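There are 6 protein chains.
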Amino acid sequence: MKIKIILPVISDIFNAEVVREAGQFISPDTEIEVQNLDKGTASIESVYDEVLGSPDIVSKVIQAEKDGFDAVFVDCFGDPGVEAAREMVSIPVVGGFQPAALLACMIAGSWSVVSVLSSVVPMIRNLARKLGVESNVASIRHINTPVLELTDKDMLKDKLMEQIVIAHRTDGAEAIVLGCTGMMGLAKTLEETASGLGIPIPVVDPTGAALGFLEMQVRNRISSSKISYPVPSEKERII
Amino acid sequence: MKIKIILPVISDIFNAEVVREAGQFISPDTEIEVQNLDKGTASIESVYDEVLGSPDIVSKVIQAEKDGFDAVFVDCFGDPGVEAAREMVSIPVVGGFQPAALLACMIAGSWSVVSVLSSVVPMIRNLARKLGVESNVASIRHINTPVLELTDKDMLKDKLMEQIVIAHRTDGAEAIVLGCTGMMGLAKTLEETASGLGIPIPVVDPTGAALGFLEMQVRNRISSSKISYPVPSEKERII
Amino acid sequence: MKIKIILPVISDIFNAEVVREAGQFISPDTEIEVQNLDKGTASIESVYDEVLGSPDIVSKVIQAEKDGFDAVFVDCFGDPGVEAAREMVSIPVVGGFQPAALLACMIAGSWSVVSVLSSVVPMIRNLARKLGVESNVASIRHINTPVLELTDKDMLKDKLMEQIVIAHRTDGAEAIVLGCTGMMGLAKTLEETASGLGIPIPVVDPTGAALGFLEMQVRNRISSSKISYPVPSEKERII
Amino acid sequence: MKIKIILPVISDIFNAEVVREAGQFISPDTEIEVQNLDKGTASIESVYDEVLGSPDIVSKVIQAEKDGFDAVFVDCFGDPGVEAAREMVSIPVVGGFQPAALLACMIAGSWSVVSVLSSVVPMIRNLARKLGVESNVASIRHINTPVLELTDKDMLKDKLMEQIVIAHRTDGAEAIVLGCTGMMGLAKTLEETASGLGIPIPVVDPTGAALGFLEMQVRNRISSSKISYPVPSEKERII
Amino acid sequence: MKIKIILPVISDIFNAEVVREAGQFISPDTEIEVQNLDKGTASIESVYDEVLGSPDIVSKVIQAEKDGFDAVFVDCFGDPGVEAAREMVSIPVVGGFQPAALLACMIAGSWSVVSVLSSVVPMIRNLARKLGVESNVASIRHINTPVLELTDKDMLKDKLMEQIVIAHRTDGAEAIVLGCTGMMGLAKTLEETASGLGIPIPVVDPTGAALGFLEMQVRNRISSSKISYPVPSEKERII
Amino acid sequence: MKIKIILPVISDIFNAEVVREAGQFISPDTEIEVQNLDKGTASIESVYDEVLGSPDIVSKVIQAEKDGFDAVFVDCFGDPGVEAAREMVSIPVVGGFQPAALLACMIAGSWSVVSVLSSVVPMIRNLARKLGVESNVASIRHINTPVLELTDKDMLKDKLMEQIVIAHRTDGAEAIVLGCTGMMGLAKTLEETASGLGIPIPVVDPTGAALGFLEMQVRNRISSSKISYPVPSEKERII
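Protein chains in written order, with the numbering used here: chain H, 2 to 240; chain P, 2 to 240; chain V, 2 to 240; chain B, 2 to 240; chain U, 2 to 240; chain S, 2 to 240.
Structure follows, in structure tokens:
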């Protein structure tokens, strides 16, 4: 199958890493292709950033379906444009939050998100409420670091580890969801470090969860409900 | 005080009625002014429509603050662009859903929404979940009529009345929220008709609730929390 | 419009301050008048105090409607007698809790109450549950100070500030509701002090919220649902 | 042990039946005594009725403790005055709702209340919310019959049976709670009739549940939490 | 009445203490008899332990009904085998969790469990969710001590006290449920010690709650709903 | 990867169909192998049936891990033995309910289960509560047909279709979960028939969801949290 990854920012600096990381999660017969936005923002850390990027996200999802892709991953934890895109296409579309949250629900009855900045905490809380899984969320924590500064992997690992320990010991988290799709390549290392501290806590990488869900949906030939996400009616639209 | 009403569609055909209707809900020292979008859609009945209109909604809210308005009502029941706009300005901003829902919570412990089309039911459910008031919602019903066909007031009243009766008798609704800001000028008539049927059910007009909330917020000098809606950080943005 | 404020205690020592404070929240065409109880308690800090005051609260609300008032504010955060009063009159009646809680829901998705004594914490939790907004409550805190000792405004401010900081940092509150209508005249000062600490948290004054809701309800000509609060049937009653 | 039953109305016409009915639920070493109110109403069907009766209910509970009773049953499904009474005494105090609701939670994961009039439906919903068991409530139904007309047992049984069948078939109830303590002596008959219809649904009699809870509490020497129901502080009170 | 206590472990070392402890909670006309398992485990601290013991628990409950017992207490806080046993018999069957949880709901709006090991925390959370009372649970704490080491009563009391204080001060617990039926004979001592620290918190002993519920159910002649726990159909079964 | 399917009944009559059906959902590099129980029941329609089968389910999961399988699907919608098995092994283990429920949450905000008999409705409700997704469940319906009579595919399809239509029209379901893993090979046909009725509702086949989740978990190298499902401690066990 062919999965399109829309990395919904206006720069391609993360693309190579995304391709490399995504590769480890897919099955042998799956191909992936990464694409960025023409209009949008350098990173997504506010609802405002989501609003600016969403129109182009939706049009690129529409194009992906036309180009024969079987599914689309909008590669951002805030699920920007995902609901609108589901209305406009028939193929499965997921963002970063919902697959990671649902996988976390499978492996633990109480889990925490560790994300980038305090500004995204209310956004993630809203996503959890909309998905109806809020009672499973132990806490939503952050490392006080903007997306564009996630490149220092050692510092990133340390900051995440600190929050993971607090999430477990103070908030009762039994699993962790990395709350930004830019936190790539760290889930297994974090699990090992936590295990060394006597905390056998699984860490969900949202990229892996998203690709896993899309593969599941394609093999089940099941897409978003057209009752939940109906095709928009014809009308005048000025874009 | 000066309240800007952004009617977030690309046509001005509803503007005169909005001004007339809004006038009855405001206090003597309040002025209102209505504005439409340059980019967006003829009506809003899908998340896709919201995505297309939101960037211009946000920029018009920003402009309203610059122009000295004390508060902004984004005159659509789906609250499009409201969260992003709150991030970008300091003045109070509300859409149609939240004020009506919260007023309904004040007057009844169980209330129903009656909206336009089945396509907006999942959107309204998500709004109720995000606001944390879902346990008060008896049902979300619709009259199977697009926004642009709401102009036949007699037919509209009959269809609404039919759903109101079902909402009360079958779903246990103790109050009704009109689920589209285009359903203007009918709340009191509907209350009277229902009362004649032995159903003393109050009907919330979202326009009146929105203006009431904005007046309350301005007089209380209290706006959206900047912790919930923080100012977006500086970054490259291509619009 | 004319709003009656029933300050449901047997003393009038707070009346002047209530009139002064209330004045800042009302619109130009609103008049207020304050009244106390003949039977009741010196302050309200228990359900027992509420039970003792409620019969007289209800009879004074009934009288207010007869006297031509458009709405009544029962000026106590515990909403004593409010439900019974709504059954007995047609005009809008609110207490201190519900308006403040609903305004807090508008401005933030997670908020805390800071009240007077540990004894009122279970009472406030019950109010939040009945209103159906419990999932938005981050915490219910108190300053361990009886109502009748709230007069030392400097001490009061310091104690409130301490709990506000904990409510934000530990409980994740994004807005604050002052949990006693006796905590007058402090909301803006508290906001400024918190802001100076880097916490841009709005503080809801329940008096302002109550008056705002009543004005909204009067201008919307919408009162409590007579399905939720039906007129009690005729029967023998010995008072 | 000695249990005081306060039947919180101003008439004693139900007392003999209450004594007879209560007798079947108590253990051999339990004595009961019934008492009415001096001030209050002929029946309780509104919050207003509760407000009028509560002061005398509380003073009679206080007297019962002084007279050496081990526990008090406030014999009304609305639990009037119960919270205030718990603040004022050390012995266990229950009304009709909470014991019946909690016993229903034990025997079924989804249960319905069938009560007297539509006016008490919002009151019972609030009781369920305060108790934190609302998710177990399938529905709250009524037989449209005032308390003082419950004396025709045949008609009463038929009306209850009708609602029980609907509660099971339409609302999914797996157990029934009789929603008025005046519906005495019918639970077993209703169970048998339902069973004959192929519906093996248990019916909780609130009187039996209340006495059972009080016996349990007395034998466990456990009363209401004094953190949840603290002793009211000394202050001026005019009754 | 005759109550069978099935202590669902393969050893009888706790039996004498169980009989002695249970004796203080029952009414004069109640007899109890304790029985252990033939197949099962030495203690129950995992779902695996529950799975191994449940078949024999169910067969012993079936035998108890045949032997004329009026009710059965499966004496373990995890309620092992209880649901299946309810399907197979007509008499009331309870475990340790549900009665204690429901009694706690009666005496306080927010309560904590203090159990033995971290391994049982997710199990108890699931029990609370299934019972629909999760919103009343302040926290689920543990003393990090296996069941078979609960015999040192002094150490046990100290560890419980430590967690009770944290549960109250940090988590807001207003009552405590001892989260293992092996924590016998300590509830009143713990209450007194807590009271000496200024924390008037009631402590629920699950054994007393279970026996109280069974007595209530027997005197009310009410058992588990056969709609919730239907008789299993005939089919081939290899045990 | 190698996935073991444990069909937890004592007969192998469904095995061939399971292998055939499962084959369509797996990726090219996945192998499956089906196994039955030595001790257990002919079908699973009660908690009693689950209790009888669970010990052997767990031992077969343990053996599967020893035999080098990467993951195990316990092929029954009631998830029998799954929690205990997760404690005993390190590889991912799922039953039929959780994967289907979580996939349904991804594709729709409100979904219904259609299962076999009324007896399993309370069991499925408990599973939904434990998973924390109950607010997304529109209803749990059944076709009043035992598992062993599911073989008549035409009758089965008709009965399912009837309940699907009611689930959508009456309960507001936007997606359907087939509530028995024995309902194989019908999901796509049901979707098409519903679509012909104007109901574009997706139908989740629990077998496909389970295999999809296991593939996702294996490719993500993430198993159940060992904090949620800790390894049981050593102790005496008589099986």
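Yeah, the Cβ is synthetic: ideal placement off N, Cα and C, and Gly gets one too.
This structure is a prediction, so every number in the text was calculated from the model and none was measured.
Contact defined as beta carbons within less than 8 Å: I believe residue i pairs with residue j. What is the distance between those atoms, to the nearest angstrom?
i, j, result
"residue 101 (chain U)", "residue 166 (chain U)", "Incorrect: roughly 20 Å between the Cβ atoms, too far for contact."
"residue 161 (chain B)", "residue 114 (chain B)", "Actually they do not touch by this definition, with Cβ atoms about 11 Å apart."
"residue 79 (chain U)", "residue 45 (chain U)", "6 Å"
"residue 47 (chain V)", "residue 111 (chain V)", "The Cβ separation is near 28 Å, so there is no contact."
"residue 148 (chain U)", "residue 106 (chain U)", "25 Å between Cβ atoms; not a contact."
"residue 224 (chain P)", "residue 108 (chain V)", "7 Å"
Measuring only between beta-carbons, confirm whether residue i sits less than 8 Å from chain A.
i, result
"residue 70 (chain U)", "In summary, chain A is missing from the structure at hand, where the protein chains are H, P, V, B, U and S."
Where do the ends of the beta strand (DSSP E) carrying residue i lie?
i, result
"residue 32 (chain P)", "32-36"
"residue 113 (chain V)", "112-116"
"residue 5 (chain S)", "3-7"
"residue 141 (chain U)", "138-143"
"residue 72 (chain H)", "72-75"
Less than 8 Å separating the beta-carbons of residue i and residue j?
i, j, result
"residue 72 (chain U)", "residue 219 (chain U)", "yes"
"residue 126 (chain S)", "residue 141 (chain S)", "yes"
"residue 63 (chain S)", "residue 41 (chain U)", "no"
"residue 244 (chain V)", "residue 70 (chain V)", "Past the boundaries of the shown model lies residue 244 (chain V); chain V is included only from 2 to 240, so the question cannot be answered."
"residue 259 (chain V)", "residue 202 (chain V)", "This structure cannot settle anything about residue 259 (chain V), because the visible part of chain V is limited to 2 through 240."
"residue 97 (chain B)", "residue 76 (chain B)", "yes"
"residue 20 (chain S)", "residue 104 (chain S)", "no"
"residue 8 (chain P)", "residue 95 (chain P)", "no"
"residue 154 (chain V)", "residue 191 (chain V)", "no"
"residue 246 (chain U)", "residue 43 (chain S)", "Shown here, chain U extends from 2 to 240; a query on residue 246 (chain U) therefore has no answer."
Taking C-beta pairs closer than 8 Å, name the residues in chain S that residue i reaches, listed in chain order.
i, result
"residue 126 (chain P)", "110, 111"
"residue 175 (chain B)", "123"
Which stretch, first to last residue, makes up the alpha helix (DSSP H) that contains residue i?
i, result
"residue 58 (chain B)", "48-67"
"residue 129 (chain S)", "122-132"
"residue 179 (chain U)", "From DSSP, residue 179 (chain U) is part of no alpha helix (DSSP H) but of the beta strand (DSSP E) over 176-179."
"residue 105 (chain V)", "98-108"
"residue 214 (chain U)", "207-220"
"residue 86 (chain B)", "83-89"
"residue 1 (chain S)", "Lying outside 2 to 240, the shown extent of chain S, residue 1 (chain S) is not represented and no answer is given."
"residue 155 (chain P)", "154-170"
"residue 190 (chain H)", "188-197"
Residue i versus chain H: which residues are under 8 Å apart at the beta carbon?
i, result
"residue 42 (chain P)", "236, 237, 238, 239"
Find the residues of chain S that neighbour residue i, judging by a C-beta separation of less than 7 Å, and give them in chain order.
i, result
"residue 50 (chain U)", "233"
Between residue i and the ligand SAM, is there a pair consisting of the residue's CB and a ligand heavy atom that are separated by less than 7 Å?
i, result
"residue 62 (chain V)", "With respect to the ligand SAM, the structure offers nothing, as it holds no ligand at all."
Which residues in chain P have a C-beta closer than 7 Å to the C-beta of residue i? List them in chain order.
i, result
"residue 180 (chain H)", "Result: empty, since nearest Cβ-Cβ is about 16 Å, beyond 7 Å."
"residue 84 (chain H)", "48"
Starting from residue i, find everything on chain U with Cβ-Cβ shorter than 7 Å and list it in chain order.
i, result
"residue 53 (chain S)", "56, 238, 240"
Determine the chain B residues that contact residue i at a beta-carbon separation under 7 Å, and present them in chain order.
i, result
"residue 205 (chain U)", "223"
For the stretch 186-198 of chain V, which residues have a beta carbon sitting closer than 9 Å to at least one beta carbon of chain H? Residues passing the 9 Å Cβ filter: none.
Of all the residues that make up the stretch 19-43 of chain B, which are near chain U by a beta-carbon distance shorter than 9 Å? 25, 26, 27, 28, 29, 30, 31
Output needed in chain order: residues of the stretch 137-161 of chain B with a Cβ under 8 Å from some Cβ in chain U. 137
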